[in-house]
């Protein structure tokens, strides 16, 4: 079976080993969750993908005058915020707290919008002008992104399982992952600021 | 708490020197008619400028300049080989639109499908270059992708 090119592009856009911003964002987003909390992390990832896809569509259709530097800075800010929150709460699983899902989805969707604007800036000029092909490309791209994110989730949960087997509590694992992500995010943010 | 893989994480952290992860992509949009196939290729401006520059032995290339647009068209012709059966087809260039982010080159070939395309655009520059095809033909839509390892595509 041939994989639609834009599904493949979306998939590898997330799984690109040089795309630290995406990989770390997804890792930090799900760090506090256990696999059994699938409604929570799947909801957050889907909200992110929807925000990403709608922002891309809007930007390509309207060509809003965006400042490239600020959009890139915004992406890094989402990383610092997401990882910083995990560290702030010391990796405590969010499922232990009540009433958080609505804001969590809204934040994930809003962050998806920022990442989508950044990507639309890059991809927009190459998208086809034919509307049918354009919508198909968006749809497949969104599906590829969701699949790529799920692959990151599987990898994170696998490492979490290995860490648990070596005596790490889920809270310590989330804290370590959050701290690692925060450190790298700040490193990337400093590069952006200096550039 | 000391993580057992702490040294590895530190090395990983120190090797991160850039947040850049450029996307190496070009897109082709083909509209197939009975008598001719309209063909639009879109490429990132900086990628094409670098490729044309390399093909000219390092001469600085600015695609907003008309003379360099001609060089870019020659580059595209040299990297895009089109056959119908055993017959090589001429790729007629109809127009060139420059934008700072991406350039659009409008072309056509005589006749419709089938076409066999060997697309090596920018493959000499980037191993992960993907050239995506959106084809609208009499039988509906068709997608394809050309990569460095598999540059040949069949459009039927």
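Protein chains in written order, with this note's numbering: chain V, -5 to 189; chain P, 7 to 162.
C-beta: ideal position from N, C-alpha, C; glycine also.
Predicted model, so just to flag it, every value in this text is computed and none were measured.
In the structure shown, residue 60 (chain P) falls within a helical segment according to DSSP collapsed to helix, strand and coil. Along the segment 122 to 150 of chain V, going in chain order, the ones with a CB nearer than 8 Å to a CB of chain P are 122, 123, 124, 126, 127, 130, 131.
In the same chain as residue 106 (chain P), and ignoring 5 residues on each side of it, the C-beta atoms closer than 8 Å to its own belong to 51, in chain order. Considering only P:29, P:90, P:55, the residue with the shortest C-alpha distance to residue 116 (chain P) is P:90. Note that the C-beta distance between residue 122 (chain V) and residue 131 (chain V) is below 9 Å. Using a Cβ distance threshold of 9 Å, residue 147 (chain P) and residue 4 (chain V) do not count as a contacting pair. Relative to residue 61 (chain V), the option among V:114, V:134, V:138 whose CA is nearest is V:114.
Annotated as distal: residue 105 (chain V) and residue 26 (chain V), with beta-carbon spacing of 9 Å or more.
Residue 152 (chain P) is bridged by DSSP to P:137. Scanning its chain for C-beta atoms nearer than 8 Å, with the 5 sequence neighbours on each side dropped, one finds around residue 40 (chain V) the residues 140, in chain order.
Residue 9 (chain V) places its beta carbon 9 Å or farther from that of residue 136 (chain V). In the DSSP assignment, residue 83 (chain P) falls within the unbroken alpha helix (DSSP H) covering 72 to 85. The C-beta distance from residue 125 (chain P) to residue 137 (chain P) rounds to 5 Å, short enough to meet the 8 Å contact threshold.
Listed in chain order, the non-local C-beta contacts of residue 61 (chain P) below 6 Å within the same chain comprise 81, local neighbours out to five positions each way being set aside. Counting C-beta pairs with one atom in each stretch, the segment 169 to 180 of chain V and the segment 18 to 34 of chain V have three or more that are closer than 8 Å, which means they touch. Rounded to the nearest angstrom, the gap between the Cα atoms of residue 78 (chain V) and residue 1 (chain V) is 31 Å. Approximately 7 Å separates the beta-carbon atoms of residue 128 (chain P) and residue 30 (chain P); this is inside 8 Å, confirming the contact. Per DSSP, residue 30 (chain P) lies in no alpha helix (DSSP H) and is assigned neither H nor E. For residue 161 (chain P), the closest of P:76, P:65, P:123 by C-alpha to C-alpha distance is P:123. Judged by DSSP secondary structure, residue 98 (chain P) falls outside any alpha helix (DSSP H) and instead within the beta strand (DSSP E) spanning 98 to 104.
Counting only the Cα atoms, residue 155 (chain V) lies some 25 Å from residue 102 (chain V).
Beyond the five residues adjoining it in sequence on each side, residue 159 (chain P) comes within less than 6 Å, by CB distance, of 123, 150, 152 in the same chain, given in chain order. Per DSSP, the beta bridge partners of residue 94 (chain P) are P:89.
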